[in-house]
Ligand SMILES: [Zn+2]
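Numbering (the working numbering), first residue to last: 13 to 163.
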């Protein structure tokens with residue numbers, strides 16, 4: 013058993029890159045059961061003109077395409093922000109084993125608040141969830157991004 017190694021720094025780098033593209037700074041990275049990075053992504057909803065272009069969805073699509081599978085058993089997903097209901101549902105559908113996220117999202121989160129997707133009886137797969145990892149850095153990025161947009 014290898015010691016726990018957080019990949020949140022890579023997710024944060026993806027969030028920073030998203031901010032530079034004018035996207036809401038959220039980043040995600042997917043790790044396979046062998047500990048390898050199989051996908052990394054930041055939000056691209058504006059660039060792709062696609063409301064489903066969240067970091068988690070893009071990372072899941074990319075990893076599934078590379079694997080040639082609709083499911084990612086044994087995989088770990090790191091996200092800088094609490095996933096929204098759409099992404100939480102996709103995480104469940106993809107059978108992702110562990111979800112690590114940074115900041116909680118009272119406005120749009122769907123894991124610890126709002127619809128609490130994984131607690132719902134229709135959620136057929138529930139990942140292990142670890143929150144608060146790299147939360148301060150993720151929150152700083154988001155606050156700075158929205159502050160600049162207001163000015
Ligand atoms: Zn989402």
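Virtual Cβ for every residue (Gly too), placed ideally from N, Cα, C.
message: By the three-class DSSP mapping on this structure, what secondary structure does residue 40 have?
response: Residue 40 sits at position 28 when you count from the first residue of the chain shown. Reduced to three states, the DSSP call for residue 40 is strand.
- request: Please list the segments of the alpha helix (DSSP H) lying wholly inside the region 87-136, counting only runs of 4 or more residues, in order along the chain.
  value: Segments of the alpha helix (DSSP H) lying fully in the region 87-136: 97-105.
query: In chain order, what are the residues with a CB under 6 Å from some non-hydrogen atom of ligand 1?
result: Near ligand 1, meaning a Cβ closer than 6 Å to any of its heavy atoms, lie the following residues in chain order: 66, 68, 95, 96, 98 and 99.
query: If you run the structure through DSSP and keep just helix, strand and coil, what is residue 51?
result: On the chain shown, position 39 is the one that residue 51 refers to. Here residue 51 sits in strand by DSSP.
Own chain residues within Cβ distance below 7 Å of residue 103, not counting five before or after: Mapped onto the chain shown, residue 103 falls at position 91. The answer, listed in chain order, is 68, 89, 95, 111 and 139.
query: So, using beta-carbon positions, are residue 87 and residue 43 closer together than 8 Å?
result: Position 75 of the chain shown, counting from 1, holds the residue named residue 87. Position 31 of the chain shown, counting from 1, holds the residue named residue 43. Yes, the pair counts as a contact, with Cβ atoms nearer than the cut-off.
field: Whether residue 115 touches residue 92 by CB criterion (8 Å)
entry: Residue mapping note: residue 115 aligns to position 103 of the chain shown, counting from 1. Residue mapping note: residue 92 aligns to position 80 of the chain shown, counting from 1. Yes, these two residues count as a Cβ contact at 8 Å.
field: Spatial neighbours of residue 117 in its chain, beta-carbon cut-off 7 Å, leaving aside the 5 residues before and after
entry: The residue you call residue 117 lines up with position 105 of the chain shown. Around residue 117: 93 and 94.
query: Per DSSP, what kind of secondary structure is residue 140 in: helix, strand or coil?
result: Position 128 of the chain shown, counted from the start, is the residue given in the question as residue 140. DSSP places residue 140 in strand when its eight states are reduced to three.
- request: With a 10 Å radius around its C-beta and 16 neighbouring C-beta atoms as the bar for buried, classify residue 30 as buried or exposed.
  value: As a first step, residue 30 must be located in the chain shown, where it is residue number 18. Its Cβ being crowded by 16 or more others within 10 Å, residue 30 is buried.
message: Using only the alpha-carbon positions, how far apart do residue 161 and residue 128 sit?
response: Your numbering for residue 161 matches position 149 in the chain shown. Your numbering for residue 128 matches position 116 in the chain shown. Looking at the two C-alpha atoms, the distance is approximately 29 Å.
query: Mind checking residue 47: buried by the 16 CB within 10 Å criterion, or exposed?
result: As a position in the chain shown, residue 47 is number 35, starting the count at 1. Under this definition residue 47 is an exposed residue.
message: Can you tell me whether residue 33 is helix, strand or coil according to DSSP?
response: The residue given as residue 33 occupies position 21 in the chain shown. In this structure, residue 33 counts as coil in the three-state DSSP scheme.
- prompt: So what's residue 83 in DSSP terms, helix, strand or just coil?
  reply: Looking up residue 83 in the chain shown gives position 71. Coil.
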